[in-house]
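Heads up: the structure comes next, in structure tokens.
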Amino acid sequence: MRAVQRILGVFECFAVDADSLTLQEIADRIQLPKSTTFRIVQSLERAGYLVRLENQQYCLSFRFTRLAGLVKSTLGIREIARPIMAELSERVKETVSLHTISGSDRVCIDVVHSDSPLRSVTRPGEHIPLGAGSASKVLMAYLPEKTLSPLLTKIARTTKKTRASLLQELEKVRGQGYAVSHGERLLGVSAISAPILDVNGEVNYCLSLNGPSVRVQAHEKDFTKLVLKAVEGISRQFGGQIEVELELEAESD
Numbered sequence: 001m002r003a004v005q006r007i008l009g010v011f012e013c014f015a016v017d018a019d020s021l022t023l024q025e026i027a028d029r030i031q032l033p034k035s036t037t038f039r040i041v042q043s044l045e046r047a048g049y050l051v052r053l054e055n056q057q058y059c060l061s062f063r064f065t066r067l068a069g070l071v072k073s074t075l076g077i078r079e080i081a082r083p084i085m086a087e088l089s090e091r092v093k094e095t096v097s098l099h100t101i102s103g104s105d106r107v108c109i110d111v112v113h114s115d116s117p118l119r120s121v122t123r124p125g126e127h128i129p130l131g132a133g134s135a136s137k138v139l140m141a142y143l144p145e146k147t148l149s150p151l152l153t154k155i156a157r158t159t160k161k162t163r164a165s166l167l168q169e170l171e172k173v174r175g176q177g178y179a180v181s182h183g184e185r186l187l188g189v190s191a192i193s194a195p196i197l198d199v200n201g202e203v204n205y206c207l208s209l210n211g212p213s214v215r216v217q218a219h220e221k222d223f224t225k226l227v228l229k230a231v232e233g234i235s236r237q238f239g240g241q242i243e244v245e246l247e248l249e250a251e252s253d
């Protein structure tokens with residue numbers, strides 16, 4: 001397992017602004033000795049996944065392009081998210097839903113309901129005006145300024161809040177990477193939402209855990225961690241660049 005983590009760590013080193021790296025840069029990024037990194041990189045070069053350039057830097061090979069072409073063309077966010085949503089719902093015994101933005105509304109595009117008789121009920125296809133609620137805040141927090149500005153004007157008028165206070169809320173959401181709401185949209189209902197990143201680093205979807213406030217507030221810290229872990233898993237499969245938490249232990253030469 002450690003070997004797989006290290007290989008993935010090397011691949012994750014590369015980015016749009018770092019498409020070629022020296023051996024030392026790779027070693028620094030995966031936090032391993034240079035000698036250990038060299039053995040990993042050398043194996044990946046022999047296997048055809050890395051290319052050593054004339055300047056002795058390394059880059060990903062076109063082999064990844066071939067593999068990318070094999071990805072099922074119809075694989076969408078629902079197919080990727082559904083198993084992880086079901087697992088999260090089963091674990092926390094609460095409703096888990098998937099949302100996106102359509103105009104000035106957020107739209108539920110999939111939901112896994114809990115078996116609890118006292119539960120939050122969300123319906124696929126349901127349109128809810130952006131504004132209150134953790135899902136709305138997460139989706140708005142990552143909108144381009146040009147798209148967000150007219151929405152804020154409308155929401156400020158409806159909620160009687162200032163644009164400055166709304167922007168401050170969204171900045172906090174971006175900073176911590178999630179949003180929590182208690183009774184903002186429906187009295188007695190709480191939600192924890194987090195963004196899903198796509199291959200371009202953009203946020204067009206978010207995952208929400210919804211349930212009675214009396215239960216969610218009692219487990220807010222643990223539920224938040226589980227939601228963040230779930231969106232990390234979905235984002236990875238959706239092509240998003242997520243910080244890899246590798247258990248990389250330094251080895252002595």
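Just so you know, the UniProt record's numbering puts 154 at position 154 of the sequence shown, and the rest follows in order with no gaps.
Beta carbons: idealized from backbone N, C-alpha and C, even for Gly.
On a predicted model such as this, the values are computed, not experimentally measured, just so you know.
query: Could you tell me the alpha carbon to alpha carbon distance between S89 and V111, rounded to whole angstroms?; result: 10 Å
query: So, A141 versus C206, is the Cβ gap smaller than 7 Å?; result: no
query: Who are D198's beta bridge partners in DSSP?; result: G239
query: Beta-carbon within less than 8 Å of L130's beta-carbon, same chain only, minus the 5 sequence neighbours each way: which residues are those?; result: I101, S104, D105, R106, S136, L139, M140, L151, I155
query: Give me the Cα-Cα distance between L8 and Q56, rounded to the nearest whole angstrom.; result: 21 Å
query: State the beta-bridge partners of residue 262 as determined by DSSP.; result: Residue 262 is absent from the model: the chain starts at 1 and stops at 253.
query: Is it right to say A194 is buried, meaning 16 or more other beta carbons lie within 10 angstroms of its own, or is it exposed?; result: buried
query: Does A86 come out as helix, strand or coil in the three-state DSSP assignment?; result: helix
query: How should N210 be labelled, buried or exposed, when 16 other C-beta atoms within 10 angstroms of its C-beta is the threshold for buried?; result: buried
query: Do the segment 196-205 and the segment 170-188 touch if we need at least three Cβ pairs shorter than 8 Å?; result: no
query: If you check the beta carbons only, do E45 and R52 fall under 7 Å apart?; result: yes
query: Which complete alpha helix (DSSP H) runs does the segment 154-199 hold, if anything under 4 residues is left out?; result: 163-176
query: Answer with buried or exposed for R78, where buried requires no fewer than 16 other C-beta atoms within 10 angstroms of its C-beta.; result: exposed
query: For H127, count the other beta carbons within 10 Å of its own beta carbon; 16 or more makes it buried, fewer makes it exposed. Which is it?; result: exposed
query: Is it true that the CB of S190 sits closer than 7 Å to the CB of V216?; result: yes
query: How long is the line joining the alpha carbons of E54 and R82, rounded to whole angstroms?; result: 45 Å
query: By the three-class DSSP mapping on this structure, what secondary structure does R123 have?; result: coil
query: With respect to the beta strand (DSSP E) encompassing V10, which residues constitute its N-terminal and C-terminal limits?; result: Here V10 belongs to no beta strand (DSSP E); instead the alpha helix (DSSP H) covers 2-13.
query: How big is the Cα-Cα spacing for L148 and V227?; result: 25 Å
query: On the DSSP bridge assignment, give the partners of A18 in chain order.; result: A15
query: Ordered along the chain, which non-local residues of its own chain (more than five positions away) have a Cβ less than 6 Å from that of K221?; result: none
query: Go ahead and pull the three-state DSSP assignment for residue 265.; result: Shown here, the chain extends from 1 to 253; a query on residue 265 therefore has no answer.
query: Rounded to the nearest angstrom, what separates E249 and I234 at their Cα positions?; result: Residue confidence for E249 is low, a pLDDT of 40 falling below 50, so the modelled location carries little weight; the figure read from the coordinates is stated next. Cα to Cα, the separation comes out at about 27 Å.
query: How should S116 be labelled, buried or exposed, when 16 other C-beta atoms within 10 angstroms of its C-beta is the threshold for buried?; result: exposed
query: Distance, Cα to Cα, Q31 vs M1?; result: 17 Å
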